[in-house]
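To keep things clear, I will list the structure first and then write my remarks on it.
2 protein chains.
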Amino acid sequence: MRVREAAKASGIRAVERAVAILRTFSSGTPELSVSELGRAVGLHKSTVHRLLGTLERTGFVVQDPGTKRYRLGLPLFELGSMVVSTLEVRRVARPYLEEIHRACGETVHLGILDEGEVVYIDKIESTRRVRMYSQVGRRAPAHCTGLGKVLLAQLPDASLAEVIERRGLRRFTSKTITSPKELRDHCALIRQQGYALDTGEHEELIQCAAAAIHDHTGKVVAAVSITSVAAAMDQHRVAEHVSLVQQAARKISEGLGATLHIRQKDLPGSGARPATARPLTSGR
Amino acid sequence: MRVREAAKASGIRAVERAVAILRTFSSGTPELSVSELGRAVGLHKSTVHRLLGTLERTGFVVQDPGTKRYRLGLPLFELGSMVVSTLEVRRVARPYLEEIHRACGETVHLGILDEGEVVYIDKIESTRRVRMYSQVGRRAPAHCTGLGKVLLAQLPDASLAEVIERRGLRRFTSKTITSPKELRDHCALIRQQGYALDTGEHEELIQCAAAAIHDHTGKVVAAVSITSVAAAMDQHRVAEHVSLVQQAARKISEGLGATLHIRQKDLPGSGARPATARPLTSGR
DNA sequence: CATGGATGTCCCATACCGCGGAACGGCCAT
DNA sequence: ATGGCCGTTCCGCGGTATGGGACATCCATG
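Written out as structure tokens, the structure reads:
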């Protein structure tokens, strides 16, 4: 048989194909048939069928007895949960995400950088009527989101350049930063002020404030953000959100054992802190 | 080479081995070396190494450059998140879990039944000092937990028997139900009263109240529970917890489109049919 | 009702590719 | 030095995954 265009630096073919099949499932297509999968990954039906059979016996996929179509199975969920559970930041951060949410009622995200992209690892949904769509486990570009930019800002110059090289700076809105130099300068500003803002750079009407979380070694391991609808925001609320994410990031970092004596000083504690009062029973 | 003791009903060996390797990772051992994995799954180092290499190129595992050890990768987390995101019950249930938590401050679990075991698909941690250890994505036996029992109680007799057959009724404490007949009777009681209690049947000092969640077809798709430390409980609080989970389960079910005005009583002891068959489908 | 197309499933001979033994180099504690 | 354990690489052999094909089923169509 002819060698497929792929086939490069080796790797076990059957395993690669099995993974390709698994990855074909997505939120948009949570259920797929043998033939659909075959077309999607470019394999013969029988090959796909055999691979699916094997995956089914491991529980990684399950077949609907009625429709004959396949879905991902719970063991994958178990493994995936393990991945983040080893990220202790998620456990430590949870209460503070809730605290932020109680204070402002907006959508709160916890995210990390992976392969130059943002991965949402936890989230609390807005109680407001207008919400932004996002999902734990999903990815988002880094150069145009608050979480992404505050995480990018902590990378060494070389790493940032590599990310730009790999992912590019795709334009989403008129505000999106698409010039490498501009992004580098912007990152410098973010480092200096200790937080990042996204003002409609990914989606026109969405804005967002984010701050970085450090672990005990001082390394940035995650970031926290508040997402809100631009129309509902003014100067004061932006400052409030900035203050909220900075405080939360600081507390979470401390919870991870970080001793950030160095940073202390540039906390804008004087300014916006009291704004966060309005505790507990904030209805909506 | 001799055929290994396993190798029975076919299946692609390389894929099965890859899955076995992935499943060797657990919360207790989030990082493993080639040799450790080789011993764990009974394979030659070089075989494991090659499999890991392939898995690494797909991102399912990542290798720590320093220690050379392997961890699970974020793409697995993405896939796993997809599994539950398709379970809309999780999204719908979240606010109600939070509501329960605000009302009592205890640990709240959302769980489903899979392969005769409970899988926790969401959780809110207790704010109290004494907590129970659990984790989203983990499994627990069904016959001795509140969530498990209330889910088992909805199974047809044959399915319950099959679960008992497969999983057994392992004893964890002096209170654990280990007799099939006793469990069947207990399930009948649970159906009748509309909730399940676990009074130290899994862990001595832990007790728990649970209620079942129905989807729009009337099928039980999940259950919600409150877990608490037995010492802190009295009759009144147990009743309160029962009331909380029942109300939440009802609201979540409604959120899933269930119209259960007629429920509760018409749950037949002979749960042999899919609970409440509903005439949503007019034709056909 | 017949027909054609698409589907899921099963089987099988072939050649291809994964297998594991072995060897190598690096890294420790002995 | 030295032995043990590690991760990694290489290679020839033989098992095994492959995909074509056949078949039953199920629809929508003629």
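Chains as they are written, first to last, in the UniProt record's numbering: chain A, 1 to 284; chain B, 1 to 284.
Positions of the beta carbon are idealized from the N, C-alpha and C atoms, including for glycine.
Exercise for the section: Please name the residue, chosen from V62/B, V83/B, S159/B, G111/B, that lies closest to V62/A on a Cα-to-Cα basis. Expected result: By one-based count along the first sequence, residue 62/A stands at place 62. Among V62/B, V83/B, S159/B, G111/B, the Cα nearest to that of V62/A is on V83/B.
Practice task
Flag this pair as yes or no: are the beta carbons of E117/B and R102/B separated by less than 7 Å?
Solution key: Here residue 117/B corresponds to residue number 117 of the second sequence, with the count starting at 1. Here residue 102/B corresponds to residue number 102 of the second sequence, with the count starting at 1. For E117/B and R102/B, no; Cβs fall outside 7 Å.
Exercise for the section: Mind checking which residues open and close the beta strand (DSSP E) that includes C208/B? Expected result: Residue mapping note: residue 208/B aligns to position 208 of the second sequence, counting from 1. That run of the beta strand (DSSP E) goes 206 to 214.
Practice task
Could you check if R13/B is buried or exposed, using at least 16 other CB atoms within 10 Å of its CB as the buried criterion?
Solution key: Walking along the second sequence from the start, residue 13/B turns up at place 13. With fewer than 16 Cβ atoms within 10 Å of its Cβ, R13/B is classed as exposed.
Problem - D157/A: CB within 6 Å of a non-hydrogen atom of the ligand ZN - result: As far as ligands go, the structure on display features none, and thus does not contain the ligand ZN.
Practice task
Using a Cβ-Cβ cut-off of less than 8 Å, list which residues of the segment 66 to 83 of chain A approach chain B; keep chain order.
Solution key: R71, L72, G73, L74, P75, L76, F77, E78, L79, G80, S81, M82, V83
Problem - Proximity to R57/A [Cα-Cα], best of A20/B, G38/B, H236/B, A249/B - result: In the first sequence, residue 57/A corresponds to position 57, counting from 1. It is A20/B whose Cα lies nearest to the Cα of R57/A.
Problem - Inter-stretch contact at 8 Å, needing at least 3 Cβ pairs: the segment 208 to 220 of chain B / the segment 162 to 181 of chain B - result: no
Practice task
Taking all protein chains shown into account, decide if K45/B is buried (16 or more other Cβ within 10 angstroms of its Cβ) or exposed.
Solution key: Looking up residue 45/B in the second sequence gives position 45. Flag for K45/B reads exposed.
Handout entry: Three-state secondary structure assigned by DSSP to T217/A
Key = For the purposes of this step, residue 217/A is taken as the residue at position 217 of the first sequence. Three-state DSSP puts T217/A in coil, outside helix and strand.
Exercise for the section: Count the CB pairs spanning the segment 186 to 198 of chain B and the segment 87 to 103 of chain B that are closer than 8 Å, and state whether there are at least three. Expected result: no
Exercise for the section: Return helix, strand or coil for Q63/B, following the three-state DSSP convention. Expected result: For the purposes of this step, residue 63/B is identified with residue 63 of the second sequence, where counting begins at 1. Correct three-state label for Q63/B: strand.
Handout entry: Proximity of S228/B and E106/B at Cβ, strictly below 7 Å
Key = If you number the second sequence from 1, residue 228/B lands on position 228. If you number the second sequence from 1, residue 106/B lands on position 106. In contact: S228/B and E106/B (Cβ atoms closer than 7 Å).
Practice task
Note the first and the last residue of the continuous beta strand (DSSP E) segment covering A249/B.
Solution key: By 1-based counting over the second sequence, the position of residue 249/B is 249. It is not in any beta strand (DSSP E) - A249/B instead sits in the alpha helix (DSSP H) that spans 235 to 255.
Practice task
Determine the direct distance from the alpha carbon of V224/A to that of V108/A, and round the result to whole angstroms.
Solution key: Here residue 108/A refers to the residue found at position 108 when the first sequence is read from its first residue. Here residue 224/A refers to the residue found at position 224 when the first sequence is read from its first residue. Cα to Cα, V108/A sits roughly 7 Å from V224/A.
Practice task
Using DSSP bridges, identify the partner residues of L32/B.
Solution key: As a working note, residue 32/B is residue 32 in the second sequence. According to DSSP, L32/B shares a beta bridge with Y70/B.
Problem - Beta-ladder partner(s) of T227/B, from DSSP - result: To locate residue 227/B, count along the second sequence from 1; it is residue 227. BP columns for T227/B point to T107/B, C208/B.
Problem - Reference T67/A, options G168/A, Y120/A, D185/A, S35/A, closest by Cα - result: By 1-based counting over the first sequence, the position of residue 67/A is 67. T67/A has its Cα closest to that of S35/A, out of G168/A, Y120/A, D185/A, S35/A.
Handout entry: Boundaries (first-last residue) of the alpha helix (DSSP H) holding T47/B
Key = Numbered from its first residue, the second sequence carries residue 47/B at position 47. Unbroken alpha helix (DSSP H) run through T47/B: 45 to 58.
Practice task
Hey, could you find the ends of the alpha helix (DSSP H) R13/B is sitting in?
Solution key: Residue 13/B sits at position 13 when you count from the first residue of the second sequence. Segment 13 to 24, the alpha helix (DSSP H) holding R13/B.
Practice task
In the DSSP assignment, find the unbroken alpha helix (DSSP H) run with P180/B in it and report its ends.
Solution key: Translated into positions along the second sequence, residue 180/B becomes position 180. DSSP places P180/B inside the alpha helix (DSSP H), whose first and last residues are 180 to 193.
Exercise for the section: Please state if the CB of V245/A and the CB of A222/A are separated by a distance shorter than 7 Å. Expected result: Residue mapping note: residue 222/A aligns to position 222 of the first sequence, counting from 1. Residue mapping note: residue 245/A aligns to position 245 of the first sequence, counting from 1. No, Cβ-Cβ distance for A222/A and V245/A is not below 7 Å.
Practice task
Could you check the C-alpha separation between S242/B and G255/B for me, to the nearest Å?
Solution key: Taking the first residue of the second sequence as 1, we reach residue 242/B at position 242. Taking the first residue of the second sequence as 1, we reach residue 255/B at position 255. Checking the sequence, you will find Val at residue 242/B rather than Ser. Spanning the two alpha carbons is a distance of roughly 20 Å.
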